[in-house]
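Presented below is the structure to which this report refers.
Residue numbers (the working numbering): 363 to 499.
Okay, structure coming up:
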């Protein structure tokens with residue numbers, strides 16, 4: 363498995379309110395970065411969350427030509443059926459493999475854009491999606 367440089371990583375936080383009808387979420391903030399030449403990235407957290415209603419980080423990873431990680435919680439990388447056997451953990455660091463996808467797979471891809479986020483809060487992601495759309499024409 364080779365490191366993937368230049369993949370967009372988007373961290374998203376929501377406020378979570380527990381009501382009689384279930385959970386209600388509201389966008390709080392997002393932060394974007396790119397993976398380095400070693401395929402590594404860091405997204406600074408939001409600090410202590412006690413008494414804030416702030417949920418844990420959700421994540422999106424996208425790179426032209428590769429499988430994506432659609433909006434999913436960081437925690438689900440440890441427990442979901444799909445990710446738990448694929449993602450390797452080195453302490454708190456996750457090694458997340460992304461398969462190279464064929465043109466056909468890429469054309470069938472669902473939108474990776476995060477609904478409810480303004481374009482400015484996911485600008486790197488949207489730029490990479492534009493590159494992908496151009497590449498698969």
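Even for Gly, the Cβ is constructed at its ideal location relative to N, Cα and C.
Check your understanding: In chain order, what residues of the same chain lie with their CB nearer than 7 Å to the CB of residue 397, ignoring the 5 residues before and after it?
Key -> 366, 367, 368, 369, 371 and 403
**Study point:** Own chain residues within Cβ distance below 8 Å of residue 448, not counting five before or after
**Key:** 458 and 459
**Study point:** Per DSSP, cross-strand counterpart(s) of residue 423
**Key:** 371 and 431
Practice item. Entirely within the region 374 to 403 and at least 3 residues each: give me those beta strand (DSSP E) ranges in chain order. Key: 384 to 396
Review point. In chain order, what residues of the same chain have a beta carbon less than 8 Å from the beta carbon of residue 428, not counting five sequence neighbours either side?
Key: Cβ within range, chain order: 366, 369, 460, 461, 462 and 463.
Exercise for review: To the nearest angstrom, report how far apart residue 426 and residue 437 are at their CA atoms.
Suggested key: 25 Å
Review point. Just curious, the alpha helix (DSSP H) that residue 526 is in, first and last residue?
Key: There is no way to answer for residue 526, as the model of the chain reaches only from 363 to 499.
Check your understanding: Using the C-alpha atoms, what's the distance from residue 484 back to residue 474?
Key -> 11 Å
Review point. Per DSSP, which one or two residues make a beta bridge with residue 416?
Key: 377
Practice item. Might you give, ordered along the chain, the residues of its own chain that have their beta carbon closer than 6 Å to the beta carbon of residue 451, omitting 5 neighbours on each side? Key: none
Check your understanding: CB residue 433 to CB residue 456, shorter than 8 Å?
Key -> Contact flag unset, no.
Review point. Going by the CB atoms, is the gap between residue 441 and residue 430 shorter than 8 Å?
Key: no
Review point. Is the distance from the Cβ of residue 414 to the Cβ of residue 405 below 8 Å?
Key: no
Check your understanding: Out of curiosity, what's the CA-to-CA distance linking residue 495 and residue 469?
Key -> 8 Å
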